[in-house]
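Trainee:
In my numbering, the protein residues as written are 445 to 522.
1. Between the alpha carbons of residue 470 and residue 479, how many angstroms are there, rounded?
2. Along the alpha helix (DSSP H) that carries residue 464, what are the first and last residues, could you check?
3. Is it the case that the Cβ atoms of residue 492 and residue 507 are separated by a distance below 8 Å?
4. Going by DSSP, what residue range makes up the alpha helix (DSSP H) through residue 499?
5. In whole angstroms, what separates the C-alpha of residue 449 from that of residue 455?
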């Protein structure tokens, strides 16, 4: 689309065009989190690492993500 004389262009799934490079990039970005999970255990890592905590929807069968709960008309547990 064009906005303010600027062409905005989106190509979905660009990393698939360079699969090997994309795989390395993803691996490198998640490795520190995986190492912390291995070190602390998953429950402690979720409590300690805000980026992980924000991505958790359920824990032990309980819905804990408030945004997801609201979207489906449920109440999240804390």
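Beta carbons: idealized from backbone N, C-alpha and C, even for Gly.
Mentor: With the structure as the only source:
1. Residue 470 sits at position 26 when you count from the first residue of the chain shown. Residue 479 sits at position 35 when you count from the first residue of the chain shown. Rounded to the nearest angstrom, the two C-alpha atoms are 14 Å apart.
2. Start at 1 with the first residue of the chain shown, and residue 464 comes out as number 20. Residue 464 -> alpha helix (DSSP H) spans 463-484.
3. Residue 492 sits at position 48 when you count from the first residue of the chain shown. Residue 507 sits at position 63 when you count from the first residue of the chain shown. Their beta carbons are not under 8 Å apart, which means residue 492 does not touch residue 507 by this criterion.
4. The sequence position of residue 499 within the chain shown is 55, counting from 1. That run of the alpha helix (DSSP H) goes 494-499.
5. Residue numbering aside, residue 449 sits at position 5 when the chain shown is read from its first letter. Residue numbering aside, residue 455 sits at position 11 when the chain shown is read from its first letter. Roughly 19 Å between the two C-alpha positions.
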